[in-house]
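Chemist: Protein chains in written order, with the numbering used here: chain C, 896 to 1928; chain Y, 31 to 188.
Heads up, the beta-carbon is just placed ideally off N, CA and C, and yes, glycines get one too.
1) Ordered along the chain, which non-local residues of its own chain (more than five positions away) have a Cβ less than 6 Å from that of residue 170(Y)?
2) Can you check the segment 1779-1834 of chain C for any alpha helix (DSSP H) of at least 4 residues that lies completely inside it and give the ranges in chain order?
3) Between the segment 65-84 of chain Y and the segment 125-144 of chain Y, do at least 3 Cβ pairs fall closer than 8 Å?
4) Does residue 78(Y) get closer than 7 Å to chain C when you measure Cβ to Cβ?
5) May I ask which residues mark the beginning and end of the beta strand (DSSP E) holding residue 1728(C)?
6) Which residues does DSSP list as the beta-bridge partners of residue 1179(C)?
7) Quick check: is the beta carbon of residue 47(Y) nearer than 7 Å to any beta carbon in chain C?
8) If you check the beta carbons only, do residue 1611(C) and residue 1514(C) fall under 7 Å apart?
9) Measuring only the C-alpha atoms, how far is residue 1716(C) from residue 1678(C)?
10) For chain C, find out if any of its Cβ atoms is closer than 7 Å to the Cβ of residue 85(Y); answer yes or no.
11) For a test of the three-state rule: what should DSSP assign to residue 1360(C), helix, strand or coil?
12) Return no unless some Cβ of chain Y is closer than 7 Å to the Cβ of residue 1833(C).
13) Find the residues of chain D that neighbour residue 118(Y), judging by a C-beta separation of less than 9 Å, and give them in chain order.
14) Chain Y partners of residue 1360(C), CB-CB under 9 Å?
15) What span of residues does the alpha helix (DSSP H) with residue 1284(C) cover, start to end?
16) Whose Cβ in chain Y lies nearer than 7 Å to the Cβ of residue 1810(C)?
17) Of the residues 1381(C), 1887(C) and 1327(C), which one's Cα is nearest the Cα of residue 983(C)?
18) How about residue 175(Y) and residue 138(Y): are their beta carbons less than 7 Å apart?
19) Under 8 Å by Cβ, that's how I've got residue 1298(C) and residue 1036(C) pegged, so tell me the actual separation to the nearest angstrom.
20) Please look up how many angstroms separate the CB atoms of residue 1789(C) and residue 1819(C), rounded, as I've assumed it's under 8 Å.
21) Thinking residue 1429(C) and residue 1657(C) are a contact (beta carbons under 8 Å), I'd like their distance in whole angstroms, please.
22) With a threshold of 16 other CB atoms inside 10 Å of the CB of residue 1383(C), please say whether the residue is buried or exposed.
23) Should residue 1565(C) and residue 1592(C) be called a contact, given that it needs their Cβ atoms to be closer than 7 Å?
24) Report yes if the CB atom of residue 1548(C) is closer than 7 Å to the CB atom of residue 1467(C), and no otherwise.
25) When you compare only the Cα positions, how much space is there between residue 1800(C) and residue 1841(C)?
26) Looking at residue 1153(C): is its Cβ nearer than 7 Å to the Cβ of residue 1223(C)?
27) So what's residue 1644(C) in DSSP terms, helix, strand or just coil?
28) Under a Cβ-count criterion, where at least 16 other Cβ atoms within 10 Å of its own Cβ denotes burial, should residue 1368(C) be classed as buried or exposed?
29) Quick one: give me the first and last residue of the beta strand (DSSP E) that residue 1925(C) is part of.
30) Could you name the residues of the same chain whose beta carbon sits closer than 7 Å to that of residue 66(Y), not counting the 5 residues immediately before and after it, in chain order?
31) Taking CB distances under 7 Å as the criterion, tell me whether residue 237(Y) reaches chain C.
32) Between the Cα of residue 1676(C) and those of 1652(C), 1662(C), 1697(C) and 1668(C), spot the shortest distance and give me the residue it belongs to.
33) Name the chain Y residues whose beta carbon is nearer than 8 Å to that of residue 1813(C)?
34) Taking 8 Å as the threshold, find out whether the segment 1039-1050 of chain C comes into contact with the segment 1308-1324 of chain C through three or more Cβ pairs.
35) Can a CB atom of chain Y be found closer than 7 Å to the CB of residue 1791(C)?
36) Measure from the C-beta of residue 113(Y) to each C-beta in chain C and report whether the shortest distance is under 7 Å.
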């Protein structure tokens, strides 16, 4: 029971100790580590062995180490580390074993100590018990002895000193009987008188019996009850006799027996009369009772003797002998019964007068404890020696207390130790796991980097030959081919372009993954970009009969700063998807400022679903930006509440009426390479990474992308993007912005009034947007009658009327009526807006004059301008900007230019020179940066310089920097002279590099270069770069 | 007959070129090099290639001597040489050589001497291979030019 208690207590204590122990251990651990780390920092890792100290395995060190060993020591440190780790572990295990052994020793020593203490205590109690018993026995014995001595004096006084004697047998018996309580230890008292042989006869006569001898009596001690005095033989003739004359009732049978005839008694008697003191016999079997007893004998003298009397005098003075029988056995028993704890102690009394053969006087043979205590007894007879042996009856009990406490202690200690050991072990394990995971993480990261690199490399590697293929195909197209061949080549070219765009997408994805994607920040015209995109898709949409429209809010500034290419990529991607999945209806791109949209949410909470571009229902655009974080922030305006800042928050949505996205696929639509259904890719092509790239790009523009899609109704994708306002002062207003577009020739139409007849407000709004870009004032009406009344009654002269095909076709008679009526007044030009060429039934119109001009949607400002110019006879100034073939224009650009080529590699130099010469340039080559500097001293004789970046001695960057410095100084001088030819003061320098990654645009610009071209030259890139410096003449 | 021979030579040349392209020994830059050759510089390609071989031999010798210097190999210098070699190789469109140069350069960056030795061996092998093949090509080219030259009068006669 108590063992269980102890163990339970131990567990509790262990639990309590657990937490502080952990704390302490980890604290020590950290401190240890920190110290060592500090040391390592100080020593700057010069000593390898130091590392062994330092690696107590915390990850800071490990991370730091990672960087370190990659550079310097490779795996050696790692090995050290692991070696040390295992060393440490075995050290801990040894410590644990030592700890266990230590506690075993402690607990066993405690056990021994406690058990020995218990034994000692037991011994002490035994000693005290034994001594107590011995003393009591002795005291009682002495009391009896004294009484017997007193009796001897009584006899000498009343028997011998009086004549006639005052005592006879009867008196004696009665007296002794009544005083028996005074002698608790005696069973009987008898008096034997000294009778000399000469007096025997007279004595026998006087007493009336003969003196009997004792020997025979002693020989048959067993006869008890039928004991008869008559059977005793008369005593033989002796020198003297000592017949018992008086005896206590209990031992009346000894009367007339000659005490001197018994061997023991005779000895006793003789010794008693010689010494004059009480003398004891050896224990013997008592007559009749057959119990062990001793006889105490006192001599009775005739007269008072001096204490220094000689034995002879004593013998002479002897009158008789008084003997008391002590029944030792019953005596001791009686005594012991009076004492406590008599059961637990075994007492033996021995007569040890003869040392070699002690005579047992009392005691049983019951086996007890082997340990015993001896106390000597002094019964007043110096001749006889007695001892008392005491022992415990029971064997010593198991020392349970010692066992419990020591075992409990051991258990607690071992538990605590084990807890510590387990903690440390666990720490090792988690450390190992940590290391392992770091290793795995590193590997995974490496694998990821490798993957991205692989993708980038492979894509790049594929792109290069693909460019070759495409270029060759281009050239092939220019040769003389028949129709079939041309068809083949076109197909091949189309496939090639598709492949290149696919590779570009993959490359983009890889770039995004590896974080290498960087956005440009250049000024661009958003509307022009949208026009371009529209043009890209117009063919496809017309083929499908899908209406395509773009609307850009007036609030959006004309010039934005951002990455037009990436913006265009997003729009293209979204529109491409829309057009892929839309068979009927429309695709509508709207761009607003976020502020506008947020306000419109507040103003018009609900719009009719019918009010769409093509009349088909669409998914609710507002739901597509529900998830945008910026909108949910602090109120409706959220983070867009600062319109005064330079940032422009655009919200762009692409709405279509296509098949929509199945609900189950909507959640994973932005996951790379994920398509709604594998069959889609077979049907429509594409890799499915477009949207994921778009999402990343939008994210890079600090925007968000979202969508809403209802199957079989359509999808609306919306994204926001943050650009910087590129217009110098946006407050100037719209007119200023419009005027910034010279190519649209808007001024030609300034002040013109136009009427748009369209029943659908949204479509009318789109038309108005495009017309307003041409600076035409626009009125909107919903049907022909209203239009007619406006034309005839209106204040402003309307010179152009745009009629939606739908209105025109509805009723030819009304249309005719309209045409006829308008003709009455100053006839405005009529334009019919149609969706696609094929769907317009021209036949239904009266072919009268003026036949309305048909404008095919999608509307674009530039296209509108051209059409209007043509129709209205405004001077056609050949505004078309035919993009020439790059090589042609290159020839155009470079002809007659003096160009310096700097390259240390003669092969590269020759090739570059050859390429430039081919385009008609006048080329001079030098082979080092120094030569280039000497050639390029302002004022310059060269129109441009192509500089290799990697050159020995002085690289391209350095050379350019020096040239720029020279130019700077020269320009200062020139400004002083005030007649400097500025164009000769700065030469455009283009970097040439074989490794595009190595030389980024920024680096080139930083060192004063104007751009870079890759080696070997690629015609288009060369054109792009060169055209920036050489104005087309 | 001669005209036929010229055609055959054309076919041979194309086959050889195709083979080299297929093996990845050459790439499109080699063709672009050919485009640069016109009336104003009729032997542009062969000039360039001659310069290339001349330079390359020098570079190879330098590299070898640098590597053979057992105690002190100047890896930086080797990297510079390799950059040059790589640049010129990519200019003429010797793709395989460019690749080997890349590997070589990587080895020098790690100061991996055995790797460098191996790469040098490969470089030499590739270089010899390219040189032989290009010589072959030029021989055919010359023959073709001869044949073509021989053919012109015929054409004119017709």
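Modeler: Taking the coordinates as given:
1) Looking up residue 170(Y) in the second chain gives position 140. Cβ within range, chain order: 39, 42 and 43.
2) 1781-1789, 1801-1813 and 1824-1830
3) no
4) For the purposes of this step, residue 78(Y) is taken as residue 48 along the second chain, with counting starting at 1. So yes, residue 78(Y) belongs to the interface.
5) Here the question's residue 1728(C) lines up with position 833 in the first chain. Segment 1724-1729, the beta strand (DSSP E) holding residue 1728(C).
6) Walking along the first chain from the start, residue 1179(C) turns up at place 284. Looking at the DSSP assignment, residue 1179(C) forms a beta bridge with 1188(C).
7) For the purposes of this step, residue 47(Y) is identified with residue 17 of the second chain, where counting begins at 1. Chain C, which has no Cβ nearer than 7 Å to the Cβ of residue 47(Y), makes this no.
8) Counted from its first residue, the first chain places residue 1611(C) at position 716. Counted from its first residue, the first chain places residue 1514(C) at position 619. Against a cut-off of 7 Å, the Cβ pair of residue 1514(C) and residue 1611(C) comes out as a contact.
9) Taking the first residue of the first chain as 1, we reach residue 1716(C) at position 821. Taking the first residue of the first chain as 1, we reach residue 1678(C) at position 783. When rounded, the distance between both Cα atoms is 15 Å.
10) By 1-based counting over the second chain, the position of residue 85(Y) is 55. True, the Cβ-Cβ gap to chain C drops below 7 Å.
11) Locating residue 1360(C) in the first chain gives position 465, counting from the first residue. DSSP places residue 1360(C) in helix when its eight states are reduced to three.
12) Reading the first chain from its first residue, position 938 is the one you call residue 1833(C). Judged by the 7 Å Cβ criterion, residue 1833(C) is not in contact with chain Y.
13) Absent from the structure is chain D; the protein chains it does hold are C and Y.
14) Along the first chain, one-based indexing puts residue 1360(C) at 465. Chain Y residues near residue 1360(C): 57 and 58.
15) What you label residue 1284(C) is simply residue 389 of the first chain in a count that begins at 1. Careful: residue 1284(C) lies outside any alpha helix (DSSP H), inside the beta strand (DSSP E) at 1281-1287.
16) Numbered from its first residue, the first chain carries residue 1810(C) at position 915. Near residue 1810(C) (Cβ distances below 7 Å), the residues of chain Y are 66.
17) The count along the first chain starts at 1 and reaches residue 983(C) at position 88. Looking at the Cα atoms, 1327(C) is the closest of the given residues.
18) Translated into the one-based positions of the second chain, residue 175(Y) becomes position 145. Translated into the one-based positions of the second chain, residue 138(Y) becomes position 108. No, these two residues do not count as a Cβ contact at 7 Å.
19) Within the first chain, residue 1298(C) is the residue found at index 403, counting from 1. Within the first chain, residue 1036(C) is the residue found at index 141, counting from 1. The Cβ separation is near 45 Å, so there is no contact.
20) Here residue 1789(C) refers to the residue found at position 894 when the first chain is read from its first residue. Here residue 1819(C) refers to the residue found at position 924 when the first chain is read from its first residue. With 8 Å as the limit, residue 1789(C) and residue 1819(C) do not qualify as a contact, their Cβ atoms being about 14 Å apart.
21) Within the first chain, the letter at position 534 stands for residue 1429(C). Within the first chain, the letter at position 762 stands for residue 1657(C). Not quite, the Cβ-Cβ distance comes to about 17 Å (not below 8 Å), so this is no contact.
22) Position 488 of the first chain, counting from 1, holds the residue named residue 1383(C). Exposed.
23) Residue mapping note: residue 1565(C) aligns to position 670 of the first chain, counting from 1. Residue mapping note: residue 1592(C) aligns to position 697 of the first chain, counting from 1. For residue 1565(C) and residue 1592(C), no; Cβs fall outside 7 Å.
24) As a working mapping, residue 1548(C) is identified with position 653 in the first chain. As a working mapping, residue 1467(C) is identified with position 572 in the first chain. No.
25) Here the question's residue 1800(C) lines up with position 905 in the first chain. Here the question's residue 1841(C) lines up with position 946 in the first chain. Approximately 13 Å, taken between the alpha carbons.
26) As a position in the first chain, residue 1153(C) is number 258, starting the count at 1. As a position in the first chain, residue 1223(C) is number 328, starting the count at 1. Taking 7 Å as the Cβ cut-off, residue 1153(C) and residue 1223(C) do not qualify as a contacting pair.
27) For the purposes of this step, residue 1644(C) is taken as the residue at position 749 of the first chain. Here residue 1644(C) sits in helix by DSSP.
28) Locating residue 1368(C) in the first chain gives position 473, where the first residue counts as 1. Label assigned to residue 1368(C): buried.
29) In the first chain, counting from the first residue as 1, residue 1925(C) sits at position 1030. Unbroken run through residue 1925(C): none, as it is neither H nor E.
30) In the second chain, residue 66(Y) corresponds to position 36, counting from 1. Excluding positions up to five away in sequence, the list reads 74.
31) Only positions 31 to 188 of chain Y appear in the structure, and residue 237(Y) is not among them; the question remains open.
32) Locating residue 1676(C) in the first chain gives position 781, where the first residue counts as 1. If we check each option's Cα against that of residue 1676(C), 1652(C) comes out closest.
33) Here residue 1813(C) refers to the residue found at position 918 when the first chain is read from its first residue. Simply 65, 66 and 68.
34) no
35) In the first chain, counting from the first residue as 1, residue 1791(C) sits at position 896. No, no contact with chain Y.
36) Here residue 113(Y) is taken as the residue at index 83 of the second chain, counted from 1. Yes, residue 113(Y) counts as interfacial toward chain C.
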